[in-house]
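Numbered per the working numbering, the sequence shown spans residues 1 to 781. Glycine included, C-beta positions come from ideal geometry on N, C-alpha and C. First up is the structure itself, then whatever we jot down about it.
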Amino acid sequence: MRAGCWSGSGRGVVRGFRSTPTTAGRRAGQIRTVAALLTGLLFTLPVLLGSAPPAAADDVADVSIELTRLSPSIVRPDSTIVFEGRVTNVSDRPLLRLQATIWRSLEPLTTRAQLEQANRSAPTDPEGDRMYRADTPDAYQDLYTAQQPNLLPGRSKTFRVTAKAADFFDPSSPSTGVYLAGIQVREAGVRTVGRARTLIPVTVGDTDADGLLPDQSSIGSTTLVELTSTPTMARSGIFTDDSLAGQIAPGGRLDALLTAAGADDASYAVDPNLIVELRAMRAGYKVVDADGRTSSGKGSADAATWLSRFRSMQAGHDGFQLLYANADLAALAHSGRLDLVDRAQRAAAKVTETKDLPLLVTPADGVADRVILNAAGRLHARAVLLADTAVKGLGPLVRVPGAPLVLSYDTEAADGPGPEPRDTEVQVRQASLADSFLDSISGVPSSSLGRLRVVSEADQAGGESAALSAPWLTGRSAYGLLGNTPQVFRGQLGYPPAATRLEPNRRQLDRMADLDRRLTLYQNLVSDTAGISDLSDQAVARAASQAWRGHRRAMTAFIHAQQLLLRDVNGRSLPLSELVNGTVVRVESNPQVTLTGSSAVVPVTIINDLDVPITVQLLAESPNRSRLRLENIPAAKLGTIGAGAKVPAQVPTRVDANGTLTVTLQLATTKGDPIGQERDIRLNATQAGRIGWIIAIASGIVLLGTVVLRIRQVARERGDGSSDSEDDPEPHETTDQEAEDQEETVIRPRSDLTGDVTSDGTIGVTSDVSSDLSRDGGPRG
Numbered sequence: 001m002r003a004g005c006w007s008g009s010g011r012g013v014v015r016g017f018r019s020t021p022t023t024a025g026r027r028a029g030q031i032r033t034v035a036a037l038l039t040g041l042l043f044t045l046p047v048l049l050g051s052a053p054p055a056a057a058d059d060v061a062d063v064s065i066e067l068t069r070l071s072p073s074i075v076r077p078d079s080t081i082v083f084e085g086r087v088t089n090v091s092d093r094p095l096l097r098l099q100a101t102i103w104r105s106l107e108p109l110t111t112r113a114q115l116e117q118a119n120r121s122a123p124t125d126p127e128g129d130r131m132y133r134a135d136t137p138d139a140y141q142d143l144y145t146a147q148q149p150n151l152l153p154g155r156s157k158t159f160r161v162t163a164k165a166a167d168f169f170d171p172s173s174p175s176t177g178v179y180l181a182g183i184q185v186r187e188a189g190v191r192t193v194g195r196a197r198t199l200i201p202v203t204v205g206d207t208d209a210d211g212l213l214p215d216q217s218s219i220g221s222t223t224l225v226e227l228t229s230t231p232t233m234a235r236s237g238i239f240t241d242d243s244l245a246g247q248i249a250p251g252g253r254l255d256a257l258l259t260a261a262g263a264d265d266a267s268y269a270v271d272p273n274l275i276v277e278l279r280a281m282r283a284g285y286k287v288v289d290a291d292g293r294t295s296s297g298k299g300s301a302d303a304a305t306w307l308s309r310f311r312s313m314q315a316g317h318d319g320f321q322l323l324y325a326n327a328d329l330a331a332l333a334h335s336g337r338l339d340l341v342d343r344a345q346r347a348a349a350k351v352t353e354t355k356d357l358p359l360l361v362t363p364a365d366g367v368a369d370r371v372i373l374n375a376a377g378r379l380h381a382r383a384v385l386l387a388d389t390a391v392k393g394l395g396p397l398v399r400v401p402g403a404p405l406v407l408s409y410d411t412e413a414a415d416g417p418g419p420e421p422r423d424t425e426v427q428v429r430q431a432s433l434a435d436s437f438l439d440s441i442s443g444v445p446s447s448s449l450g451r452l453r454v455v456s457e458a459d460q461a462g463g464e465s466a467a468l469s470a471p472w473l474t475g476r477s478a479y480g481l482l483g484n485t486p487q488v489f490r491g492q493l494g495y496p497p498a499a500t501r502l503e504p505n506r507r508q509l510d511r512m513a514d515l516d517r518r519l520t521l522y523q524n525l526v527s528d529t530a531g532i533s534d535l536s537d538q539a540v541a542r543a544a545s546q547a548w549r550g551h552r553r554a555m556t557a558f559i560h561a562q563q564l565l566l567r568d569v570n571g572r573s574l575p576l577s578e579l580v581n582g583t584v585v586r587v588e589s590n591p592q593v594t595l596t597g598s599s600a601v602v603p604v605t606i607i608n609d610l611d612v613p614i615t616v617q618l619l620a621e622s623p624n625r626s627r628l629r630l631e632n633i634p635a636a637k638l639g640t641i642g643a644g645a646k647v648p649a650q651v652p653t654r655v656d657a658n659g660t661l662t663v664t665l666q667l668a669t670t671k672g673d674p675i676g677q678e679r680d681i682r683l684n685a686t687q688a689g690r691i692g693w694i695i696a697i698a699s700g701i702v703l704l705g706t707v708v709l710r711i712r713q714v715a716r717e718r719g720d721g722s723s724d725s726e727d728d729p730e731p732h733e734t735t736d737q738e739a740e741d742q743e744e745t746v747i748r749p750r751s752d753l754t755g756d757v758t759s760d761g762t763i764g765v766t767s768d769v770s771s772d773l774s775r776d777g778g779p780r781g
C-alpha cells in the first residue's frame, strides 16, 4: 500500500495518533473527534456492508488483464522480475480504487504432469500469495488517483510492478523448476476482480559455458512460421476489403511473421495464393465495397516491400508451400471433391516463387484421419503437419505406415494457464519455455527430445524468437528435422466430431461446386482463354480455403463477389449466373415463322453483350422429328462472335408434314454446355410447293391415261372398219376437181325466190325457174 491507501491484504491502514501527553482541551477535542467518527461510521457501515460484494463473488472477473512484458523470461536468484500490462474494466459498473499486485505460487513444478495440471487448473488454484508488504512497495501499484478513484466500464489503466527474486521467493528459497506467477487486481482492497497467470522457469545453481545446469540436456527446437492470410482477392486486381494491406504494413501480422521467419534456424510455410494476391496489390488494385463501389487500395508500396523481404528471407531458410489458398483438404476429401484440390494445385504450379518448394499439408486444427492422409499422399506431400495430441504425444517427427511423414507440433503449453486472455506474446513465450525447460531437466537423453513450434499469429512471433534464445534450446531447421529418425505411430487416427461440425456444410459445398461449374462454363465460352484457366483455378481454391471455417456468412459473401466476373459492353459487372439464366448472350428470332417448302431455313440472330469475344454453337431441337427435322449450326460455321456483336444465322430445316410445331433454339459452348435461355419459336409448315407438284404430276398422269385410252379406242374402231369392207362396195373417190368445185359452193339466198309462209310456219318457195339443186343443196342426180 502507498500513502495510506488500501493494500493487498484487504485490511484498511489506520493512521496512528501521537502518544505524547496532551492538554485536557486537546484531549476533549480528540474525544469529540473520535465520537464524531464513530457516529459517522455507525451511519455509513450499513451502506458499506450493503454495497460490498459477497465473498463468493471473489472469482468473478470484472477486469481483463493483458500482460505485455515479463522480464527476464528465465529467472535466476539474482534477477529483478518486471511485470507490465494493461487492466481493462469489462464490467458494466465503475470499479473503485483498483490495485495491481504481483502474485505467485511458491511451489515449483518439476514434472510434465504437474505442468499439465497447472495449465488446466482454475484461476484460483493454487491460492498462492500476493506481494503487498511495506518493504516491497514496487510489487503493487494503485490504478487510481484521489481525483479519479473509479475506473469506468471500458476504460483501461497500465501498470508496471517489480520485485527482486529474493523477495519474490520469500519466505522460501528458490529451487530449479517452473513457477506459477502473475498479477491480481483487487477492488478497494477487499475483492479480487481479475487475474492473469503465466509460467516462469527458474534456474538455481552453477551453469556451464553453454548456460546449462548440471545434467540438463539440450533440446533441438524447430520453429515453423506459417505465412498465410484469408483470401480477399475476388478476381484479378479486385479485393473485397483492404485487410491484407494492414497485415503487411509495418507492425502488422504478416510483417511480424516475416520477421520471425527470418530468425536463425527458423523455417517457413507459405501459401502461394498470398504471393499472388500481394503481386496483384503491388501492381495496383481496387477494393470493392458491399454496394459495388470501388476505390483504390492503399497497400501497393507495402506489398512491394514485403515481397522483396520475402525473397531475401527465402534465400537463406528452409521452406514449404502450402495448398493453394490453404484449401480445406479435410473437408474436400471427406466430401469426395478432390477435383477442387487438383484445380488448386494447378494454380500453385504457376507461382514461380513457391512452385519448387516441397508441399506441406496442414489439416485444420491439426487433426486427420486416414482419408486425409491418403489424400495428402495422392498430392505427393513431403509431410503433414499435425498436433501432437493427434499422434498420442509422439513427435516431433512421426511415421504413420502408408502415409507421408508427420511433423507433430507441441500443443501442451500452447497458451499456458488461464484465465483469458492467455494467448499474449508473453504467455505463449513463457509456456513454450516452461514446457521445454522441464523436458531438458527430466533426465531423458537429448536424442529423444525435440520440439516443433508453429507460429501463425503476430503475438507468437516475438515469443518464439525469445524461446530460441534459451540456453537449453538448439535451433534446428525443418529440413534438418525431417532428416531424423521418426517415431512410429501404430494407433488409430481419430477425427473428432467437433472438427467434422466445422467443415463446410452441404450448402457451402454446393456453392463451391456451382462456382466451379460456372467458371468452367465461362472458360469454355470465351474465345481467348489466356489467363481464364488460371483465374478459374485460383477462384475455386480461394472459395475452398479452410480460413472460412466458422465464418459461413463471410464465405458466402466472398463467393458472391467472385461470381461478379462478367462485364458487359457498357462496363457493368454481372454475375456468372447470367451466362445460364440471363440474356447477356442470347439467340433471337421471330416468334412465328412460316415455311412454304419442304426444305427451308429459319433466320436467327446471335447477340453477345459481353465485353469479350465468344465462341458458341446453335442447337435446334424439334419435338417431332418425323414431321420436322432441324440442323445444328456448329461453332466453326458461326465463327468468333465479337464483343457487342450481332451475328445473323440460318437454321436448315426439313419439313415432312404440314402443321404447326414449337421448336427450341439453344446456344451452347463447343463442349455442349448450355448458354443463356432457351428460345422457343412456332413453325407453320404449309408445303405449298409440294402440293403444286403433286397436282401437276397427277394431272399429267390423268392426261396420259386419257390419251392412251383414246388411242386404244381408235385402234379398236379401225379394226372394226376393216372387217366390214368386204361386204360394202368401195366408196366413190372424189377427184381433185370435184373437191374444188364442192369447196367453192356457197349457199346464198336468191333474190328471185318468193314464197309464202305455210300453215306450219315454213316458207314456201316458188320459182318460175326450175332448180337443179336438191333440197339439201346438193346437185340432183
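Under the criterion of beta carbons closer than 8 Å, S156 and R86 qualify as touching, at roughly 5 Å. Take the alpha-carbon of Q508 and the one of V341: they are about 16 Å apart.
DSSP places V341 inside the alpha helix (DSSP H), whose first and last residues are L338 to A348. Using a Cβ-Cβ distance cut-off of 8 Å, the segment 80-95 and the segment 105-112 are not in contact, since fewer than three pairs of beta carbons, one from each stretch, lie closer than that value.
Apart from the 5 residues on each side of it in sequence, T111 sits with its Cβ closer than 8 Å to the Cβ of L438 and S442 in its chain, given in chain order.
Going by DSSP, L449 is part of no alpha helix (DSSP H) at all; its letter is neither H nor E. If you draw a 10 Å sphere on the C-beta of I711, you find fewer than 16 other C-beta atoms in it, and that means exposed. If you keep only unbroken beta strand (DSSP E) runs of at least 3 residues inside the segment 115-194, you get 140-142, 156-164 and 177-187.
Taking a 10 Å sphere around the C-beta of L329, we find 16 or more other C-beta atoms and assign the residue as buried. For the pair of segments examined, the segment 392-399 was found not to touch the segment 355-369: the number of CB pairs separated by less than 8 Å stays below three. Distance between A390 and D510, taken at the CA atoms: about 30 Å. Annotation for T500: the continuous alpha helix (DSSP H) segment containing it runs P497 to L502. Residue state for L274 is assigned as helix, using DSSP reduced to three classes. Counted as a single uninterrupted DSSP element, the beta strand (DSSP E) harbouring K286 occupies residues K286 to V288. When the beta-carbon positions are compared, V361 and A347 stay at least 9 Å from each other. The criterion of a C-beta distance shorter than 9 Å is not satisfied by M233 and E187. A buried status is given to D302, since no fewer than 16 other beta-carbon atoms sit within 10 Å of its beta-carbon. Considering only S527, S589 and T411, the residue with the shortest C-alpha distance to L610 is S527. As for any beta strand (DSSP E) of minimum length 3 sitting wholly inside the segment 607-658, the runs are 617-621, 628-630 and 646-655, ordered along the chain. For the set D435, T230, Q430 and G205, the Cα lying nearest the Cα of S73 is the one of Q430.
One thing to note: A266 has its Cβ within 9 Å of the Cβ of S477. Residue pairing for W103: DSSP places it in a beta bridge opposite R130 and G182. A straight line joining the alpha-carbon of A113 with that of A196 spans about 22 Å.
If you ignore the 5 residues before and after L564, its C-beta comes within less than 6 Å of the C-beta of S573 and P575, all in its own chain and listed in chain order. The C-beta separation of T101 from A139 comes to about 7 Å, placing the pair in contact by the 8 Å criterion. By the Cβ neighbour-count rule, D537 is buried, with 16 or more other Cβ atoms within 10 Å of its own.
In this chain, the beta strand (DSSP E) harbouring V398 covers L397 to R399.
Taking P404 as reference, the option from G483, N374, L515 and G450 with the minimal CA-CA separation is N374. Counting only the Cα atoms, R337 lies some 36 Å from I607. Remark: C-beta atoms of A434 and L109 approach each other more closely than 9 Å. The distance from the Cβ of V655 to that of A685 is about 4 Å, consistent with a contact at the 8 Å cut-off. Within the model, the alpha-carbon separation for L628 versus L665 is close to 14 Å. Within the same chain, R511, L515 and A543 come within 7 Å of I559 by CB-CB distance, once the 5 residues on both sides are set aside.
For F320, the uninterrupted beta strand (DSSP E) run begins and ends at G319 to Q321, by DSSP. Three or more beta-carbon pairs separated by less than 8 Å are not found between the segment 164-179 and the segment 147-155, which leaves the two stretches without contact. By the neighbour-count criterion, in which 16 or more other beta carbons inside 10 Å mark a residue as buried, P201 falls on the buried side.
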